[in-house]
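S.K.:
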Amino acid sequence: MSVPTKYVYEFAEGSRDMAALLGGKGAGLAEMTRLGLPVPPGFTVTTEACKVYLATGEEPDEFGVEAAHSLAALERAMGRTLGAPDDPLLVSVRSGARFSMPGMMETILDIGLNDRSVTGLAKTSGQERFAWDSYRRLIQMFGRTVMGVEGELFEQAIAALPQSRLRSTGGTPMAQRAVATDHDLDTAELIKLTEEFKDIIRKETGEEFPQDPADQLARAIRAVFDSWNGERARIYRHREHIPEDLGTAVNVQAMVFGNLGTDSGTGVAFTRDPATGESGMYGDYLPDAQGEDVVAGVRDALPLSELKILAPGTYIELGDHLRTLEAHYRDLCDVEFTVERGKLWILQTRVGKRTAEAAFRIAHDLGDDGTISTDEALMRVDGAALTRLMFPRFDTTPADVPLAHGVPASPGAAVGVAVFDSAEAVRRAAGGEHTVLVRRETTPDDLPGMIAAEAVLTSRGGKTSHAAVVARGMGKVCVCGAEALTVDPVARRFTTESGVVVHEGDTLSVDGTAGTVHLGALPLTASDVGRALEAGTGTGQLTQAVLGALAHADSVRGLEVRANADTPEDAARARALGAQGIGLCRTEHMFLGERRALVEAMILASDDTAREAALANLLPLQREDFTGILKAMDGLPVTIRLLDPPLHEFLPDRTELAVRLASAVHPDPHDRELLQAVERMHEQNPMLGLRGVRLGLAVPGLMAMQVRAVAEAVIDRLGAGGRPHAEIMIPLVGTVEELRLARAETERVLAEVAAETGTTLDCPIGTMIELPRAALTAGRIAEAADFFSFGTNDLTQTTWGLSRDDAEASFFPLYLEKGVFAVSPFDSIDEEGVGRLVELAVEAGRAVNPRLETGVCGEHGGDPDSIHFFHSVGLDYVSCSPFRIPAARLEAGRAAVADRTGTSDTR
Ligand code: PEP
Ligand code: MG
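Residues are numbered in this note's numbering as their position in the sequence shown, beginning at 1, plus a constant of 1.
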């Protein structure tokens, strides 16, 4: 017998383990209710109900009865009836998905107010102004969110009120600059505004604002369901890789009021500082205000420590609840709270978002004091956060006086040109420009611009404002609340206190760690963490936390991490960062610069003698390259790939040459010769042309020269007392026959050098697997290979039939927007397609050659999600750019822990 699905849960019926069904917020409310924290009663409509509604346009059949039942329970608990004329119960209706999507979906407060109950509320609260303010807020929110009225129309109605009738906000510097807010309206104005708002709704929709509280509630719940598919929410999900089909839960909760006078207020509190990880209560408090005012940053909040002075008892009680929550969740928690006439209510809790720095410090501290295990501590940080910490910071001098100071909301350093709206940030970023998005405050509509910009700068709002929360989540540099700036988005400029005017297009440097903004581009230097990682040691709590996490990752990971490096300098840097060898040394990079002339000579050679002479000139240079790299990686494997790209890449551009020849009075005969060669070698589709192993087989002497250079470098290093471990890798093999021919030639030269020098050369020979045919015939290819290295750049290109050079700038934005890809398959491995080929090839290769070594050296080798995949298919190593090595080590460790402990969410 199947258990009937339940679509509505009262808070006391749920728990933290039910986040998939109740959403993060609903699960948190349920858990706090169980813990006995003061949570206003309410119920949660499940994500399943949302899914049914989004699929059919109707709530499930059982929903109506269940919701009515839960509402009746809520009314009983509160001793009041929703929207009753004399003493109304009011409720809030809030979204709450499985994964936090701050500000991306809708919230409607004060449901239950109408023309009659507003007077009841005025009477019971004893505050007429408050009652009308609540009513006009409801109409405004409901009108915009549920009835689809342009929000700007309500704002205009507020702005149109005569300035002379606005009250002053008091003595703060901000108020002295006469910034008028809707907080200043008196009762008569609020009553008038309420009528105006109703008129706006009537005019825009042809409908009246609904007076029936049950109707308000039902429509508000639907609006929250619908907001799952709103543009903001979709963009956010896309960016955060949140699946589209989860749906949102909806929380209906008794309203409590923070705007009932000076003994009321609202705030956000964290169990630790989410910016630095420092332990101790932290947050913002806004007296006489509703919760949305804090998040919107419309008014400047007080630091939470002020609450200690304003209401010491409440402060102590809040501290107790925060400690309870952190001990229970064993992690940083944040709460939204409201104080209603001296009574503390907790409205939400969750494991709080944090900066990269805070993530490492908190994980380390909780691991250190035994709250969590070292495995858990490792799972609390990730490679993306580590990479952010390695980013450079500004190298300022005392002469670099900032234009302004603000709140250091999200750390890091960024340089870009000022832009004043989201669209401009997006437009300029598409042209490759770095921008700083400057706003008074951001709203969820600014999301595309925040994604596109390098940094976000606002003149209002604190650490918990929208700008701060979203930027931190994205790892984007952010300074907010730079109050000294007067931002004029219409004239597209801002003015500082000292009168400096910054126009759109002017360059700014934003320091999100210090909270400063500077005119012009400041020089950047490596971060302390970056330095410590290269040095392998360092002081400071953050550095210790990072090194501790990496040490644990190194101790548990199965994947080795190697580097893609082609110079001794890169090799040394990679080794310092923890590389366990070189997985890909691209030799073509050694054929550039002044060596181009030698390569040209080889290509233009008219006979064997001329070609051999050209190759002989290249040989000592290559040998020197390899010697340097083998020295930098002494004792570790160095995989040297033979020449891969089509030779014409080393010749001048065809059009340029043709123009040069056509416009020269005395054409250079060398140019003419070059042009003939370029034309002879021209291919319509060079990526599928004479490259990789084909080149080695087609150009006599080329492969032999490179193998000889490797072999002689090994001999040199042995002579110098080193421990060289060179491996030779053949690129773009499609059939075992190619590899057999290349292998025979390689072995012949190795034997020749060994005989000449009287040395034994032990040099594994392997191949790249970067063509679908190679993957599909991997069993055959393994007969002739000591190792496989997956070239997932080309493998992605050839599996999808997508040009790796063009596709991303061409139709990828469209494909990403339409959801064809959640992420570019060149960035993160396409597990189903390309990944499947990798898996097949590993299995088939190992079946034939159990000692076959397998690795990946395409860009995916440094991508966190891909690393988890490569761990799961049992590769021996990943290889990536030097700067990605620490993150790769960390992710390889996390993959191993996730595997061992069965943790599925690795993000
Ligand atoms: C690859 O194709 O994944 C690879 C590593 O080789 P390259 O990028 O040099 O073509
Ligand atoms: Mg390749």
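Note that beta-carbon positions come from the ideal geometry of N, C-alpha and C, so glycine has one too.
What you are looking at is a predicted structure, and each value in this text was computed from that prediction instead of being measured.
#1: Please determine, among 269, 513, 219, the residue with the shortest C-alpha to C-alpha distance to residue 251.
#2: Residue 508: which of 825, 438, 633 sits nearest, CA to CA?
#3: What's the C-alpha gap between residue 233 and residue 240?
#4: Could you check whether the Cβ of residue 728 sits closer than 6 Å to any heavy atom belonging to ligand 1?
#5: Quickly, what does DSSP pair residue 766 with across the bridge? List them, please.
#6: Reducing DSSP to helix, strand and coil, say where residue 812 ends up.
#7: How should residue 214 be labelled, buried or exposed, when 16 other C-beta atoms within 10 angstroms of its C-beta is the threshold for buried?
#8: Can you tell me the Cα-Cα spacing of residue 656 and residue 799, whole angstroms?
#9: Under three-state DSSP, which class holds residue 860?
#10: If we count the other Cβ atoms within 10 Å of its Cβ and call it buried at 16 or more, is residue 116 buried or exposed?
#11: Given that a residue counts as buried once 16 or more other Cβ atoms are within 10 Å of its Cβ, and exposed if not, what is residue 812?
#12: My assumption, with CB atoms under 8 Å, is that residue 326 sits in contact with residue 338. Please give the rounded CB distance.
#13: Classify residue 550: buried if its beta carbon has 16 or more other beta carbons within 10 angstroms, exposed otherwise.
#14: Does the stretch 565–574 come close enough to the stretch 370–389 to have 3 or more Cβ pairs within less than 8 Å?
#15: Taking 5 Å as the limit, name every residue whose beta carbon sits nearer than that to some heavy atom of ligand 2, in sequence order.
#16: Would you mind reading off the limits of the beta strand (DSSP E) that contains residue 878?
#17: Please report the distance separating the alpha-carbon of residue 837 from that of residue 419.
#18: On a Cα-Cα basis, can you pick out the residue from 49, 11, 20 that is closest to residue 34?
#19: Please classify residue 689 as buried or exposed, where buried requires at least 16 neighbouring CB atoms within 10 angstroms.
#20: Can you list the alpha helix (DSSP H) stretches of 4 or more residues lying completely in the stretch 384–442, in chain order?
#21: Closer than 8 Å is the cut-off here; do at least three beta carbon pairs connect the stretch 267–275 with the stretch 21–28?
#22: Quick check: what's the CA-CA separation for residue 525 versus residue 396?
#23: Just verifying my parser: in three-state terms, what is the DSSP assignment at residue 349?
#24: Hey, residue 780 and residue 846 are a contact pair by Cβ (cut 8 Å); roughly how many whole angstroms apart?
#25: Do residue 766 and residue 747 count as a contact pair if the criterion is CB distance below 7 Å?
#26: Along the chain, where does the alpha helix (DSSP H) containing residue 494 start, and where does it finish?
#27: Sorted by chain position, which residues of the same chain lie with C-beta nearer than 6 Å to residue 253's C-beta, five sequence neighbours on each side aside?
#28: Could you check the C-alpha separation between residue 776 and residue 770 for me, to the nearest Å?
#29: Measure the beta-carbon distance from residue 652 to residue 706 and round it to whole angstroms, keeping in mind my assumption that it falls under 8 Å.
#30: Can you find at least 3 beta carbon pairs, one from the stretch 130–146 and one from the stretch 310–328, that sit closer than 8 Å?
#31: Verify whether the separation of the beta carbon atoms of residue 714 and residue 628 is less than 7 Å.
#32: CB-CB under 7 Å to residue 761, same chain, minus the five flanking residues each way: which ones, in chain order?
#33: Restricting to runs no shorter than 3 residues, where is the beta strand (DSSP E) found entirely within the stretch 270–355?
#34: Just mark residue 15 as buried or exposed, buried being the case when its beta carbon has 16 or more other beta carbons within 10 Å.
#35: Per DSSP, which residues does residue 790 bridge with? Please list them.
M.R.: The short version:
#1: Within the sequence shown, numbered from 1, the residue matching residue 251 stands at position 250. Closest by alpha carbon: 219.
#2: If you number the sequence shown from 1, residue 508 lands on position 507. It is 438.
#3: Here residue 233 refers to the residue found at position 232 of the sequence shown. Here residue 240 refers to the residue found at position 239 of the sequence shown. Cα-Cα distance, rounded: 11 Å.
#4: One-based indexing of the sequence shown puts residue 728 at position 727. It does not: the Cβ of residue 728 is nowhere closer than 6 Å to a heavy atom of ligand 1.
#5: Taking the first residue of the sequence shown as 1, we reach residue 766 at position 765. DSSP output for residue 766 lists 729 as bridge partner(s).
#6: Your numbering for residue 812 matches position 811 in the sequence shown. Note: residue 812 maps to coil in three-state DSSP.
#7: In the sequence shown, counting from the first residue as 1, residue 214 sits at position 213. Label assigned to residue 214: buried.
#8: As a first step, residue 656 is located in the sequence shown; it is residue number 655 there, counting from the start. As a first step, residue 799 is located in the sequence shown; it is residue number 798 there, counting from the start. Whole-angstrom Cα-Cα distance: 28 Å.
#9: One-based indexing of the sequence shown puts residue 860 at position 859. It is helical.
#10: Residue numbering aside, residue 116 sits at position 115 when the sequence shown is read from its first letter. So residue 116 ends up on the exposed side.
#11: Looking up residue 812 in the sequence shown gives position 811. Exposed is the call here.
#12: For the purposes of this step, residue 326 is taken as residue 325 along the sequence shown, with counting starting at 1. For the purposes of this step, residue 338 is taken as residue 337 along the sequence shown, with counting starting at 1. Incorrect: roughly 11 Å between the Cβ atoms, too far for contact.
#13: Here the question's residue 550 lines up with position 549 in the sequence shown. Classification for residue 550: buried.
#14: No: fewer than three Cβ pairs fall under 8 Å.
#15: 771, 792, 795
#16: The residue you call residue 878 lines up with position 877 of the sequence shown. Here the beta strand (DSSP E) through residue 878 covers 878–881.
#17: Within the sequence shown, the letter at position 836 stands for residue 837. Within the sequence shown, the letter at position 418 stands for residue 419. C-alpha separation (whole angstroms): 45 Å.
#18: Within the sequence shown, residue 34 is the residue found at index 33, counting from 1. It is 11 whose Cα lies nearest to the Cα of residue 34.
#19: Here the question's residue 689 lines up with position 688 in the sequence shown. Exposed, since its Cβ has fewer than 16 Cβ neighbours within 10 Å.
#20: 384–391, 423–431
#21: no
#22: Within the sequence shown, residue 525 is the residue found at index 524, counting from 1. Within the sequence shown, residue 396 is the residue found at index 395, counting from 1. Those two C-alpha atoms are separated by around 5 Å.
#23: Translated into positions along the sequence shown, residue 349 becomes position 348. Three-state result, residue 349: strand.
#24: Walking along the sequence shown from the start, residue 780 turns up at place 779. Walking along the sequence shown from the start, residue 846 turns up at place 845. That pair is a contact at about 7 Å.
#25: Counting from one through the sequence shown, the residue named residue 747 turns up at place 746. Counting from one through the sequence shown, the residue named residue 766 turns up at place 765. Yes, the pair counts as a contact, with Cβ atoms nearer than the cut-off.
#26: Position 493 of the sequence shown holds residue 494. Element bounds for residue 494: not the alpha helix (DSSP H) but the beta strand (DSSP E), 494–496.
#27: Taking the sequence shown and counting its residues from 1, the one referred to as residue 253 is at position 252. Excluding residues within five positions, the ones whose Cβ falls inside 6 Å are 43, 44, 92, 94.
#28: Start at 1 with the first residue of the sequence shown, and residue 776 comes out as number 775. Start at 1 with the first residue of the sequence shown, and residue 770 comes out as number 769. Distance between the alpha carbons of residue 776 and residue 770 is about 6 Å.
#29: On the sequence shown, residue 652 is found 651 positions in, with the first residue counted as 1. On the sequence shown, residue 706 is found 705 positions in, with the first residue counted as 1. By a beta-carbon distance limit of 8 Å, residue 652 does not contact residue 706. Their separation comes to about 19 Å.
#30: no
#31: Translated into the one-based positions of the sequence shown, residue 714 becomes position 713. Translated into the one-based positions of the sequence shown, residue 628 becomes position 627. The answer is yes: Cβ separation under 7 Å.
#32: By 1-based counting over the sequence shown, the position of residue 761 is 760. Excluding positions up to five away in sequence, the list reads 755.
#33: 280–288, 334–341, 344–352
#34: For the purposes of this step, residue 15 is identified with residue 14 of the sequence shown, where counting begins at 1. Burial call: buried.
#35: For the purposes of this step, residue 790 is taken as residue 789 along the sequence shown, with counting starting at 1. According to DSSP, residue 790 bridges with 769, 856.
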